[in-house]
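Worksheet for the structure shown next.
Here it is as C-alpha cells:
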C-alpha cells in the first residue's frame, strides 16, 4: 500500500480549506482511480495476464489502468466507443501516455458490429468468453473491489482529523459514478466518527447519482449528501465558469484537473455560502495529465 498522502491548506471562498493531496500517490497511478484500483494492485491474481476495461479514449481511468497493468506486468485492452483523429494524433494526454505504457485501445466503432450492440455488451458477449486469463474492471472502477482502497483513504482522513482535533469535518469530492463518495461515507458511518462526505453530480443529475448509490448499496444511511449545482454541467463540455473556477483555485499553488474538480469547487462554494465557515477537506482527484489536452481547448475558447 502506498504511504498516506499529505494534507495542504488553501484559502478559498473566504476561509481555509484543507486539500488531501491524492495527486501525489504515485507519479503514474494517483487520485480517485488509484484509490478505486488499489485492490488490484495490492492483491495477487493467479493466472491473470490481461486487464480489460472500457470508457472514453481520454479518460483518467484509461491512463490509470494502463499504469496498473504496467505495474502488474499485464496487458491492457481498453475498449472505447470512438477515437477521434485529433486524439489519435495527440502526443500528450491520457491517450498518448497510455499507448506509451503499452495499452491496446480498441475502437469499437471500427469493428463490424450490430448497431444495437453497446461497448459493454460487445465486451460481455464477444470478448470475455474468450479471455479466461483476463480481469475485467467496469467503467471508472465502479465495483465492490473499490471499497478496499477507498476505506484506506477513509482511515487516512480519520487519523488526520483526529490528530487535528477537529470537532466535525466535511469531506468534499465531485462524483462521476459516485463509487468513491459512497464507500468513503460508508466507512465514516461505520466508524461512528464526525466526518461527513458531501459530493455533487458531474455526470447526469442528482437523481442519476442517487441511483448509482442505490446500485452499490441498498442502505441509504451510507449515502453522501449531494450538493446542488447552479446549472447543468454537461460532462466533458467546456464551461466558462468551470474554467474561471479552475484558474481561481490554481492560484493557490496546487494544480487541479479540469474535468471534475471545477464542478466540485463550484458546489463547495455554494455550500459554504449558505452554511458559513466550517472545516472542509477537499480530496484532489488527480488526473492532471488530462489537462494537457483539455487546457488548450479552454484557452482557445476563453482566453
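In UniProt numbering, the protein residues as written are 1 to 303.
Cβ coordinates follow ideal geometry from the N, Cα and C atoms, glycine included.
Across the structure, residue 97 and residue 237 are spaced so that their CA atoms are roughly 22 Å apart.
Put simply, the region 160–174 touches the region 272–287. At least three CB pairs are less than 8 Å apart. The region 121–131 and the region 151–160 do not touch, with fewer than 3 CB-CB distances between them shorter than 8 Å. Under the three-state reduction of DSSP, residue 241 is assigned to helix.
Less than 7 Å divides the Cβ of residue 78 from the Cβ of residue 53. If you draw a 10 Å sphere on the C-beta of residue 9, you find fewer than 16 other C-beta atoms in it, and that means exposed. Counting C-beta atoms within 10 angstroms of its own C-beta, residue 82 has fewer than 16 neighbours from the protein chains shown and is therefore classed as exposed. Across the set 111, 175, 252, the C-alpha of 175 shows the shortest separation from the C-alpha of residue 202. When the Cα atoms are used, residue 302 and residue 221 turn out to be separated by approximately 42 Å. Annotated three-state conformation of residue 31 is helix, per DSSP.
By the CB criterion at 7 Å, residue 133 and residue 49 fall inside the cutoff. Rounded to the nearest whole angstrom, the C-alpha separation of residue 68 and residue 136 is 13 Å.
Here the region 242–259 makes contact with the region 284–294; the two share three or more CB pairs at distances below 8 Å.
Rounded to whole angstroms, residue 84 and residue 58 show a C-alpha spacing of 10 Å.
Counting every other CB atom within 10 Å of its CB across the protein chains shown gives residue 219 a total below 16, marking it as exposed.
For residue 196, the secondary structure class from DSSP, reduced to helix, strand or coil, is strand. Rounded to whole angstroms, residue 299 and residue 263 show a C-alpha spacing of 18 Å. A direct Cα-to-Cα measurement between residue 269 and residue 76 gives close to 39 Å. Spanning the alpha carbons of residue 5 and residue 22 requires a straight line of approximately 6 Å.
Taken in chain order, the unbroken stretches of alpha helix (DSSP H) that lie wholly in the region 28–89 and span 4 residues or more are 31–42, 60–72, 85–89. Runs of the beta strand (DSSP E) lying entirely within the region 128–185, each at least 3 residues long, are 134–136, 169–175 in chain order.
When the Cα atoms are used, residue 122 and residue 47 turn out to be separated by approximately 24 Å.
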